[in-house]
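Residue numbers (the numbering used here), protein chains in the order written: chain V, 60 to 469; chain H, 60 to 469.
Using N, Cα and C, we set each Cβ at its ideal position, and we do this for glycine too.
Input: a single structure, listed below in structure tokens.
There are 2 protein chains.
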Amino acid sequence: MIDLLKVDSLDEAVEKLYNECISGNFSVAVEEVSLSDSYNRILAEDIISNIDVPEFDRSVVDGYAVVAKDTEGANDTIPTILNVVGESLMGKTQDIEIKNGECVYVPTGAMIPKGATACIMIENTENITSNRIAVYESVAEGKYIIKAGDDIKKGELALKKGHIIKASDMGFLSSIAVNIIKVYKKLNITIISTGDELIDENDKLSFGKIRDVNTNLLIGLSNKYNLNVVNKYLLKDDEKLLEDTMKRAMFNSDIVIVSGGSSKGKKDTSSTVINNISSSHVLTHGIAIKPGKPTITAYDKNTKTILVGLPGHPVASAVLFKLVVICVIYKLMNVNEYEYTCDGIMTENIPASPGRMTIQLVTIDNDYNVTPIYGRSGLIHTLSIADGFIKLETNQEGINKGSKVKVYYL
Amino acid sequence: MIDLLKVDSLDEAVEKLYNECISGNFSVAVEEVSLSDSYNRILAEDIISNIDVPEFDRSVVDGYAVVAKDTEGANDTIPTILNVVGESLMGKTQDIEIKNGECVYVPTGAMIPKGATACIMIENTENITSNRIAVYESVAEGKYIIKAGDDIKKGELALKKGHIIKASDMGFLSSIAVNIIKVYKKLNITIISTGDELIDENDKLSFGKIRDVNTNLLIGLSNKYNLNVVNKYLLKDDEKLLEDTMKRAMFNSDIVIVSGGSSKGKKDTSSTVINNISSSHVLTHGIAIKPGKPTITAYDKNTKTILVGLPGHPVASAVLFKLVVICVIYKLMNVNEYEYTCDGIMTENIPASPGRMTIQLVTIDNDYNVTPIYGRSGLIHTLSIADGFIKLETNQEGINKGSKVKVYYL
Chain V
60 MIDLLKVDSL DEAVEKLYNE CISGNFSVAV EEVSLSDSYN RILAEDIISN
110 IDVPEFDRSV VDGYAVVAKD TEGANDTIPT ILNVVGESLM GKTQDIEIKN
160 GECVYVPTGA MIPKGATACI MIENTENITS NRIAVYESVA EGKYIIKAGD
210 DIKKGELALK KGHIIKASDM GFLSSIAVNI IKVYKKLNIT IISTGDELID
260 ENDKLSFGKI RDVNTNLLIG LSNKYNLNVV NKYLLKDDEK LLEDTMKRAM
310 FNSDIVIVSG GSSKGKKDTS STVINNISSS HVLTHGIAIK PGKPTITAYD
360 KNTKTILVGL PGHPVASAVL FKLVVICVIY KLMNVNEYEY TCDGIMTENI
410 PASPGRMTIQ LVTIDNDYNV TPIYGRSGLI HTLSIADGFI KLETNQEGIN
460 KGSKVKVYYL
Chain H
60 MIDLLKVDSL DEAVEKLYNE CISGNFSVAV EEVSLSDSYN RILAEDIISN
110 IDVPEFDRSV VDGYAVVAKD TEGANDTIPT ILNVVGESLM GKTQDIEIKN
160 GECVYVPTGA MIPKGATACI MIENTENITS NRIAVYESVA EGKYIIKAGD
210 DIKKGELALK KGHIIKASDM GFLSSIAVNI IKVYKKLNIT IISTGDELID
260 ENDKLSFGKI RDVNTNLLIG LSNKYNLNVV NKYLLKDDEK LLEDTMKRAM
310 FNSDIVIVSG GSSKGKKDTS STVINNISSS HVLTHGIAIK PGKPTITAYD
360 KNTKTILVGL PGHPVASAVL FKLVVICVIY KLMNVNEYEY TCDGIMTENI
410 PASPGRMTIQ LVTIDNDYNV TPIYGRSGLI HTLSIADGFI KLETNQEGIN
460 KGSKVKVYYL
């Protein structure tokens with residue numbers, strides 16, 4: 060028997076589901092991919108640099124490697140004269156060691172010879188003879204040199220487990236000679252929408268029918284958050300049909316989502332089915348959040364499947380998908396950085412709903428003015444226009460105009 | 060003969076390449092995809108709604124549809140009594156017309172019957188008999204009703220050509236019964252890195268050699284910006300080899316990028332080759348930007364290929380890839396929204412470089428404090444750490460601490 064009156068806070072709901080996944084041995088498989096195929100994948104290992112980058116002291120200018128002290132006092136009118144004793148070639152080792160009064164030509168990126176402590180830009184020199192230059196610049200030690208290990212040192216942590224690979228990370232990992240990395244396999248998800256009133260993309264609209272919105276909305280979010288959509292179903296309201304479909308889905312999915320409309324009795328159907336087919340039975344039946352209350356979670360340890368019932372209301376289903384489903388699986392994969400937020404200033408007062416968390420869609424402009432969008436229930440267009448949402452915590456009073464708020468992105 | 064001294068401003072470089080693409084009939088092919096496969100694709104058509112959403116007046120609460128006037132003066136102690144003359148079912152048409160003193164039960168989302176001008180929440184009513192209710196709330200006309208077309212009206216522009224499809228757009232387009240959309244085919248790109256000093260992921264590092272960074276960096280950015288990488292090459296510095304490789308690439312690529320190191324004579328090799336193999340010859344040879352000056356652009360109208368030589372410096376190559384290549388092709392596809400920026404406040408003075416645009420990598424924190432990262436030339440790690448970059452325009456003086464700046468993302 061499920062207690063229909065006891066709702067969880069969002070944090071409680073996330074914690075219950077997460078703990079059940081842990082104790083029920085939910086695990087995310089790991090695969091190796093080559094670095095060039097790793098864009099946007101989630102790192103499943105800490106990456107430690109095996110080398111210093113750069114590996115050797117390098118020049119950052121086209122010019123001459125010198126002993127810094129030799130240039131003391133040199134300026135536009137009183138140059139220092141140095142002997143050119145060699146040339147450092149790109150990609151070649153350099154065995155020359157320079158002494159006081161000597162210098163070596165170095166192009167950008169080339170190795171600094173032993174004995175040299177700084178570089179001089181070629182613009183600030185002049186050839187006197189083929190092997191003597193005048194230096195019109197005084198440089199301090201280290202000037203225009205990148206020291207070995209300046210970028211990253213051998214043994215240093217390059218990227219952390221759970222990091223989502225960006226383009227610049229792909230360049231960075233190349234530089235430390237990493238070319239195969241372990242990433243989490245994309246989790247498989249099945250998305251089910253239920254409702255006698257819903258019709259799918261192949262049906263003709265008829266008066267009184269509503270096109271199913273949640274399936275494509277949740278497919279899009281699944282793509283965004285690196286999930287692999289294995290199947291989608293649009294079902295009539297039928298307990299047996301829902302149970303059969305979910306049971307089948309549990310064999311090839313890590314996550315099964317059912318989002319229901321608001322027709323009478325529907326919420327009970329989802330929760331009854333989810334309760335029947337999960338080893339944990341229903342963990343959370345209702346979350347103290349507005350919109351999004353009719354959210355149900357469970358876990359089945361036999362098939363290792365997360366089961367979540369989301370509200371039919373598109374805005375609520377999208378927000379709860381992120382705040383519950385993505386939050387839990389990203390926690391399981393050590394991902395912290397996906398929660399992009401942006402601070403801004405409220406342009407209006409926002410009322411709170413006592414005893415529950417309130418989610419308010421907002422826009423945010425270039426000057427960080429945050430304005431609520433009062434889309435009425437079920438208006439999916441408002442979600443398309445919104446930049447993100449703000450959260451009013453359970454016991455928070457309303458937000459006053461002019462207050463600082465954190466905007467979350469979907 | 061290429062004039063090596065004449066550099067273009069960034070805007071001039073973009074305009075020249077864009078105009079050459081237009082006059083040389085560069086076009087981006089269009090394909091149809093089903094909405095469920097459209098995440099992150101670029102829309103190649105304006106989408107106009109063919110229907111009103113919602114199609115009919117709907118209730119946003121579980122309750123009763125009423126004539127608003129009937130509830131005038133009703134409150135907690137003095138209810139209005141109404142006759143329940145029917146029930147509106149989800150997904151069904153509703154033929155009843157209500158008159159004064161009458162109401163109809165409506166669940167959330169169900170059709171509002173004719174004659175009704177507002178809804179009452181069920182919480183604010185009480186059953187007196189099986190077909191009479193007491194109403195303890197006074198409502199204004201329109202209360203708790205979404206009118207037909209409130210979300211979007213038939214004939215209204217839903218999404219514009221060039222829009223990048225988000226998850227919420229997939230839901231939104233579902234709601235207006237769109238299920239196949241025209242998107243731009245992903246452009247094919249070949250990425251070439253050149254440099255005797257560079258070694259690829261399969262080579263053992265040896266002293267003096269540097270691992271190629273730009274290939275994976277540019278592959279990552281290509282993934283991010285919806286390009287299809289057809290080939291990648293790491294070439295030694297050899298004019299003939301580069302020319303042959305580029306010529307072959309032009310047959311299956313829309314864009315061919317060559318990024319070169321800084322070894323002597325290299326820039327001339329790239330520009331000579333690009334000049335030889337393009338119908339436009341070199342359009343821009345050098346851009347007044349720091350870092351990123353050695354950037355070369357051309358277009359070949361015979362193979363309809365954009366040819367760009369990027370600097371070897373990873374930060375410069377990434378920034379110029381975005382500011383030139385992505386800028387031009389997104390302009391060709393009418394994409395405006397990719398240029399995410401964020402305003403912030405400088406925490407330090409930033410010097411400008413007279414006569415050229417300066418690009419400075421920065422971090423930005425939650426309080427919008429923007430701090431420069433003075434990575435030295437070629438330190439790819441700094442790009443991985445940076446949140447974005449700021450631009451100092453050609454004739455702009457330095458930026459003072461405390462000034463407002465716009466941060467661009469890579």
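With 8 Å as the threshold, decide whether the Cβ of residue i is near any Cβ in chain H.
i, result
"V:N425", "yes"
"V:G461", "no"
"V:I278", "yes"
"V:V466", "no"
"V:V272", "yes"
"V:M416", "no"
"V:K283", "yes"
For residue i and residue j, which I take to be in contact (beta-carbon distance under 8 Å), what is that distance rounded to the nearest angstrom?
i, j, result
"V:R415", "V:T356", "Their Cβ separation, rounded to whole angstroms, is 17 Å, which puts V:R415 and V:T356 out of contact at 8 Å."
"V:P20", "V:Q153", "Residue 20 of chain V cannot be examined here, being either before or after the span of chain V that is shown, 60 to 469."
"V:V125", "V:A193", "No, V:V125 and V:A193 are not in contact; Cβ-Cβ is about 12 Å, not under 8 Å."
"V:E196", "V:I179", "6 Å"
"H:E156", "H:G132", "Not really, about 24 Å apart at Cβ, beyond 8 Å."
"H:V242", "H:E90", "6 Å"
"V:I204", "V:G122", "The pair is not a contact, with the Cβ atoms about 11 Å apart (cut-off 8 Å)."
Is the CB of residue i under 8 Å away from at least one CB in chain V?
i, result
"H:H440", "yes"
"H:V384", "no"
"H:F231", "yes"
"H:S330", "no"
"H:I155", "no"
"H:Y164", "no"
"H:L484", "Past the boundaries of the shown model lies residue 484 of chain H; chain H is included only from 60 to 469, so the question cannot be answered."
"H:N186", "no"
"H:K65", "no"
"H:Y98", "yes"
"H:S82", "no"
"H:I449", "no"
"H:I205", "yes"
Helix, strand or coil for residue i? Go by DSSP, reduced to three states.
i, result
"H:S412", "coil"
"V:G403", "strand"
"H:D67", "strand"
"V:K450", "strand"
"H:N183", "helix"
"V:V87", "coil"
"V:M392", "coil"
"H:I205", "strand"
"H:T188", "strand"
"V:S93", "strand"
"V:L420", "strand"
"H:V198", "coil"
"H:A375", "helix"
"H:M309", "coil"
"V:N428", "strand"
Starting from the C-beta of residue i, find all residues in its chain whose C-beta is less than 6 Å away, skip the five residues before and the five after it, and write them out in chain order.
i, result
"V:S233", "none"
"H:K206", "D116"
"V:F85", "K363"
Using a Cβ-Cβ cut-off of 7 Å (strictly less than) and excluding sequence neighbours within five positions of residue i, which residues of its own chain qualify?
i, result
"H:N428", "G403, I404, T406"
"V:E146", "V163, Y164"
"H:L226", "Residue identity check: residue 226 of chain H is Ala in the sequence provided, not Leu. For H:A226, where only same-chain residues beyond five positions count, the Cβ hits under 7 Å are Y98."
"V:M149", "P166, G168, A169"
"H:E302", "V332, N335, I336"
"H:I439", "V272, P373"
Within the same chain, show all residues whose beta-carbon is closer than 8 Å to that of residue i, passing over the 5 residues directly before and after it, in chain order.
i, result
"H:V387", "V73, L76, Y77, C80, I365"
"V:N408", "G457, I458, N459, K460"
Nearer than 7 Å: is that true of the beta carbon of residue i relative to any heavy atom of the ligand HEM?
i, result
"H:M305", "This structure lacks the ligand HEM, and indeed carries no ligand of any kind."
### Query
Of all the beta strand (DSSP E) runs that stay within the bounds of the region 329 to 359 of chain V, which reach a length of 3 or more residues?
If only uninterrupted beta strand (DSSP E) runs of at least 3 residues are considered, those enclosed by the region 329 to 359 of chain V are 355 to 359.
### Query
At which residue ranges does the region 218 to 301 of chain V contain complete alpha helix (DSSP H) runs of 4 or more residues, listed in the order of the chain?
Counting whole runs of 4 or more residues, the region 218 to 301 of chain V contains the alpha helix (DSSP H) stretches 226 to 234, 273 to 283.
### Query
Enumerated in chain order, which unbroken segments of the beta strand (DSSP E) with a length of 3 residues or greater are wholly contained in the region 106 to 156 of chain V?
Scanning the region 106 to 156 of chain V for uninterrupted beta strand (DSSP E) segments of 3 residues or longer gives 122 to 125, 139 to 146, listed from N- to C-terminal end.
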